[in-house]
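Colleague: This structure is in structure tokens; I'll ask about it shortly.
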Amino acid sequence: MAKINKVTGFIDSVIGKAIVVGVELYGRDKAGSMEESLSELKELARAANIDVVKVVKQRLNKIKVGTYLGRGKLDEIKMMSKIHGADILLVDDELSGIQIRNMEAYLDMEIIDRTSLILDIFATRAKTREGKLQVELARLKYAKPREIGGMGIALSRQGGGIGTRGLGEKKLEVDRRNISRRISEVEKAIEDVKKQRNVQRQKRQKSHLPTVSLVGYTNSGKSTLMNHFIRQNNPLWSKHESPAQDMLFATLDPFHRKIALRDNLEFILADTVGFVSKLPHSLVEAFMSTLEEVREADLLLYILDISNDEYEHQLKVTQEVIKELEADDKPYIIVENKADKLEEGVEREHSDVFAASVRISALTGEGVDSLAEEIEKKLLTNFTEVEMLIPYDMGRLASYIMDKTKVVEHEYRGDGLWVRTNLNVHDVERYRKYIKN
């Protein structure tokens, strides 16, 4: 396995030179969608330290079942690979096992499709046991139908024709059984970890604090925003920060911290794995126990890299994944991050969906106070403003209300402390006998 640089997060040595190829289907793909996707694939290649030497495009009525590309385009790529010394072909779609084997045999190149590349990057980023298990599960589910477990591809070429049972075919059956058995083992291990996660979640829920989840494209600045809030709460909390790096998929594991806004409003802020277009379904399935954190949130912050020309496309991808997670009914705020990277004088034309967005720079802190105000407004819709009269012998309750709730006003009266404050549903029930309105 390639050695990962702990500072940059990238693979230390270049794996190889690659040609990138994508197909645009007549009448089905929107204009410019292939350009966006290929540009992103090049970034994924960079994250895997693959040197892209050429980008190739083809327009087709439909994908070729056996070879993905037409024969003429394959010949063109074959010639290019010799000219540029490319030994890898990166394909901007998910391929079948047949397509991979046929293309490798014809081109004499290593074929890596988009899904496989993303899975490989995830494998290098996974640090915790849960993250590693989830990535392994996704890779196994990807490998199983493609007959690429162990020596699958090489041995499949040794097998006989239809009706024969050569050595390669027997080995493939063994591979399939081994993969199926390992999938069961990993799923059980993930289920055990999920139980532990549920215990942790229940502990957080006992605090009755609302949860705000950061969601969005990979490398959009979610972890940087998380760290800004952490440092704002306590400048000495650097060791409690989320791992923020300028690279794709820096965060694979959910990360939680309690954050306090002005006027004592507290909430749990959760950082989550970043999204990308054409995110492999096997990966979404494998990371479901992690992504369930999004379902449990009271508020979602959609983090966008406003300096990226494809920011509206990135928002669309994020919304699609959130819908797949059945969390699209959650309240949300669109956060236009990385305002510091916008060139002076550059204006972004927004669709109606951006009407209530907040523009910030998590790096410099610009606009974060405005974002905090919007978070407060959204969260307070789940709170009830009440008037309380707390007897003076209830000092612990008085301290809790004054220190931990959003107090509007208070007054020391002859019969106790009068307070107008905002309480969550749990506290309204818990302290109902002290509520006077």
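At position 209 of the sequence shown (counting the first as 1) the number is 201 in this note's numbering, and the numbers step up by one without a gap. The beta-carbon is built from N, C-alpha and C at its ideal position, and this holds for glycine as well.
Going by CA-CA distance only, name the one from 77, 362, 114 and 44 that's closest to residue 276.
Modeller: Residue 276 has its Cα closest to that of 114, out of 77, 362, 114 and 44.
Colleague: By the DSSP assignment, the alpha helix (DSSP H) with residue 262 in it spans what residues?
Modeller: That residue, residue 262, is in no alpha helix (DSSP H); its beta strand (DSSP E) goes 258 to 263.
Colleague: Find the nearest neighbour of residue 131 within the set 111, 137, 138 and 119, judged by alpha-carbon distance.
Modeller: With distances taken between Cα atoms, residue 131 lies closest to 111.
Colleague: What span of residues does the alpha helix (DSSP H) with residue 279 cover, start to end?
Modeller: No alpha helix (DSSP H) contains residue 279, which DSSP labels as neither H nor E.
Colleague: Do residue 105 and residue 14 come within 8 Å of each other at the CB atom, strictly closer than that value?
Modeller: No, Cβ-Cβ distance for residue 14 and residue 105 is not below 8 Å.
Colleague: Out of 248, 206 and 127, which has the shortest C-alpha to C-alpha gap to residue 179?
Modeller: Ranking 248, 206 and 127 by Cα distance to residue 179 puts 127 first.
Colleague: So if DSSP puts residue 350 in a beta bridge, which residue, or which two residues, is it bridged to?
Modeller: Answer by DSSP bridge pairing, in chain order: 327.
Colleague: Got a sec? Which residues, its chain only, sit under 7 Å from residue 332 by beta carbon, not counting five neighbours each side?
Modeller: Excluding residues within five positions, the ones whose Cβ falls inside 7 Å are 353, 355, 356 and 358.
Colleague: Roughly how many angstroms lie between the CA atoms of residue 264 and residue 207, to the nearest whole one?
Modeller: Their backbone Cα atoms lie some 6 Å apart in a straight line.
Colleague: Checking the sheet assignment: what are the DSSP bridge partners for residue 213?
Modeller: In DSSP, residue 213 forms no bridge with anything.
Colleague: Tell me whether residue 408 sits in a helix, a strand or coil according to DSSP, three-state version.
Modeller: Note: residue 408 maps to strand in three-state DSSP.
Colleague: Using the rule of at least 16 other Cβ atoms within 10 Å of the residue's Cβ for burial, across every protein chain shown, is residue 418 buried or exposed?
Modeller: Classification of residue 418: exposed, given that the 10 Å Cβ count is below 16.
Colleague: Are the beta-carbon atoms belonging to residue 411 and residue 399 less than 8 Å from one another?
Modeller: Yes. Within cutoff.
Colleague: Just the Cα atoms here: how many angstroms apart are residue 7 and residue 73?
Modeller: Those two C-alpha atoms are separated by around 15 Å.
Colleague: In whole angstroms, give me the CA-to-CA distance for residue 490 and residue 405.
Modeller: Shown here, the chain extends from -7 to 429; a query on residue 490 therefore has no answer.
Colleague: Figure out for me which residue from 427, 212 and 184 has the closest Cα to the Cα of residue 377.
Modeller: Answer by Cα proximity: 427.
Colleague: Which first and last residues belong to the beta strand (DSSP E) in which residue 294 is found?
Modeller: 291 to 297 is the extent of the beta strand (DSSP E) around residue 294.
Colleague: Per DSSP, residue 207 forms a beta bridge with which residues?
Modeller: According to DSSP, residue 207 bridges with 294.
Colleague: Excluding sequence positions up to five away, which residues of its chain have a Cβ less than 6 Å from the Cβ of residue 119?
Modeller: Nothing listed; no residue qualifies.
Colleague: Just to confirm before moving on: does the CB-CB distance between residue 285 and residue 262 stay below 8 Å?
Modeller: Cβ atoms of residue 285 and residue 262: closer than 8 Å.
Colleague: Does DSSP put residue 42 in a helix, a strand or coil?
Modeller: Note: residue 42 maps to coil in three-state DSSP.
Colleague: For residue 271 and residue 51, what's the separation of their Cα atoms in angstroms?
Modeller: Whole-angstrom Cα-Cα distance: 23 Å.
Colleague: Can you tell me where the beta strand (DSSP E) with residue 9 in it begins and where it stops?
Modeller: Note, residue 9: beta strand (DSSP E), 9 to 17.
Colleague: How big is the Cα-Cα spacing for residue 430 and residue 11?
Modeller: The first residue shown for the chain is -7 and the last is 429, placing residue 430 beyond what the model contains.
Colleague: Whole angstroms are fine: how far does the CA of residue 202 sit from the CA of residue 290?
Modeller: Approximately 6 Å, taken between the alpha carbons.
Colleague: Could you pull the start and end residues of the alpha helix (DSSP H) that residue 95 belongs to?
Modeller: From DSSP, the alpha helix (DSSP H) with residue 95 extends over 89 to 99.
Colleague: Quick one: is residue 190 buried, meaning 16 or more other Cβ sit within 10 Å of its Cβ, or exposed?
Modeller: Residue 190 is exposed by the Cβ-count criterion.
Colleague: Identify, in the order they occur along the chain, each residue of the same chain with its Cβ nearer than 6 Å to the Cβ of residue 324, setting aside the five sequence neighbours on each side.
Modeller: Only 292 and 294 meet the Cβ criterion.
Colleague: Where do the ends of the beta strand (DSSP E) carrying residue 356 lie?
Modeller: Where residue 356 is concerned, there is no enclosing beta strand (DSSP E), given that its DSSP letter is neither H nor E.
Colleague: How should residue 429 be labelled, buried or exposed, when 16 other C-beta atoms within 10 angstroms of its C-beta is the threshold for buried?
Modeller: The residue is exposed, with fewer than 16 neighbouring Cβ atoms inside 10 Å.
Colleague: Do residue 133 and residue 175 come within 8 Å of each other at the CB atom, strictly closer than that value?
Modeller: Against a cut-off of 8 Å, the Cβ pair of residue 133 and residue 175 comes out as a contact.
Colleague: Just tell me which of 335, 273, 299 and 327 has its CA closest to the CA of residue 316.
Modeller: Minimum Cα distance to residue 316 is reached at 273.
Colleague: For the alpha helix (DSSP H) that contains residue 376, what are its first and last residues?
Modeller: First-last for residue 376: 376 to 382, but that is the beta strand (DSSP E), not the alpha helix (DSSP H).
Colleague: Do residue 109 and residue 36 have their C-beta atoms within less than 8 Å of each other?
Modeller: A contact, by the Cβ cut-off of 8 Å.
Colleague: Using the Cβ count rule (16 or more neighbours within 10 Å means buried), how would you classify residue 157?
Modeller: With a pLDDT of 32 at residue 157, under the threshold of 50, the modelled position of that residue is not reliable, and no figure is offered here.
Colleague: Which whole-angstrom value is the C-beta distance of residue 96 and residue 80, which I expect to be below 8 Å?
Modeller: In fact, because the Cβ distance is near 11 Å, the residues do not count as touching under 8 Å.
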